[in-house]
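*Asks:* Quick one: structure below, then a few questions.
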Amino acid sequence: MSLISIICGSPREEGRCQCFASGVFEEKIAMNPDSEVALVSIADMDICGCDGCDGCKDDFECVIDDDMPDIMEYFRESDELIIVSPIYMAGVPSQFKAVLDRLQPLFWEDVRHGEMKPAEVHLFGEGKDPYGSDGAVLSIKSALHVAGYEVKNVELHIN
28 MSLISIICGS
38 PREEGRCQCF
48 ASGVFEEKIA
58 MNPDSEVALV
68 SIADMDICGC
78 DGCDGCKDDF
88 ECVIDDDMPD
98 IMEYFRESDE
108 LIIVSPIYMA
118 GVPSQFKAVL
128 DRLQPLFWED
138 VRHGEMKPAE
148 VHLFGEGKDP
158 YGSDGAVLSI
168 KSALHVAGYE
178 VKNVELHIN
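According to our numbering, the stretch in the sequence shown is residues 28 to 186, in order.
Laid out in structure tokens, this is it:
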């Protein structure tokens, strides 16, 4: 059975991103009855930033004791990944950036040289940032590549 995971990178539990992610979750369940579909929200998780210690280099596990292992499982096991995130100052929220930075064990595990799995990205913003969404897109694409995913589609939901 394949696993399709939707990861919501918004720090807000009931914002637009979470609402959209919930809709995608329901849609994926309906369209993929033979697949497991998971919806993961970082809003209520405790995830610290990477401190660059390279403690994950040998055993591919982060030494920081927080909720990141709960999310890492989805990055490792998913056959398809969908990222939903707001845009803050042309990037992703700091809480979600911590998640992306903490994919470092997958860098050392070298999963990016295997078969790349598909990913799509949905970004939400207000459209008032003169620099747009380039920073968010690049951060997500780079981190997902390290995790063994190729971003096939980026959709901007800008008011």
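Where a beta carbon is used, it is the ideal one built from N, C-alpha and C, also for glycine.
Specify, as a first and last residue, the run of the beta strand (DSSP E) that Glu177 falls within.
*Replies:* Where Glu177 is concerned, the enclosing beta strand (DSSP E) stretches over 176-185.
*Asks:* Could you name the residues that DSSP lists as bridge partners for Lys144?
*Replies:* DSSP output for Lys144 lists Tyr176 as bridge partner(s).
*Asks:* Quick one: is the Cβ of Gly118 within less than 8 Å of any heavy atom of the ligand ADP?
*Replies:* The ligand ADP is not part of this structure, which contains no ligands at all.
*Asks:* For Glu40, which option in Asp71, Asp97, Met99, Ala174 has the closest C-alpha, if you only look at C-alpha atoms?
*Replies:* Answer by Cα proximity: Asp71.
*Asks:* Quick one: using the 10 Å Cβ neighbour count with 16 as the cut-off for buried, is Met13 buried or exposed?
*Replies:* No answer is possible for residue 13: the residues shown for the chain start at 28 and end at 186.
*Asks:* The alpha helix (DSSP H) that contains Pro113, what's its start and end?
*Replies:* No alpha helix (DSSP H) contains Pro113, which is instead part of the beta strand (DSSP E) from 107-113.
*Asks:* If you follow the beta strand (DSSP E) that Ala65 is part of, which residue opens it and which one closes it?
*Replies:* Unbroken beta strand (DSSP E) run through Ala65: 63-68.
*Asks:* Quick check on DSSP: helix, strand or coil for Leu30?
*Replies:* Residue state, collapsed to three classes: strand.
*Asks:* Check each candidate in Ile114, Glu104, Glu177, Asp161 and name the one with the smallest Cα separation from His140.
*Replies:* Closest by alpha carbon: Glu177.
*Asks:* Measure from the alpha carbon of Pro113 to the alpha carbon of each residue in Cys35, Asp106, Asp97, Met143, then state which is nearest.
*Replies:* Considering only alpha carbons, the answer is Cys35.
*Asks:* Terminal residues of the continuous alpha helix (DSSP H) containing Pro50?
*Replies:* Checking the sequence, you will find Gly at residue 50 rather than Pro. Run containing Gly50: 43-58, per the alpha helix (DSSP H) assignment.
*Asks:* Which runs of the beta strand (DSSP E) fall wholly inside the segment 117-167 and span at least 3 residues, in chain order?
*Replies:* Listed in chain order, they are 144-152.
*Asks:* In whole angstroms, what separates the C-alpha of Ser29 from that of Gly118?
*Replies:* Distance between the alpha carbons of Ser29 and Gly118 is about 31 Å.
*Asks:* What number of angstroms, rounded off, separates the C-alpha of Val67 from the C-alpha of Ile33?
*Replies:* If you take the alpha carbons of Val67 and Ile33, they lie about 6 Å apart.
*Asks:* Checking the sheet assignment: what are the DSSP bridge partners for Cys80?
*Replies:* The partner list for Cys80 (beta bridge, DSSP) is empty, contrary to what the question assumes.
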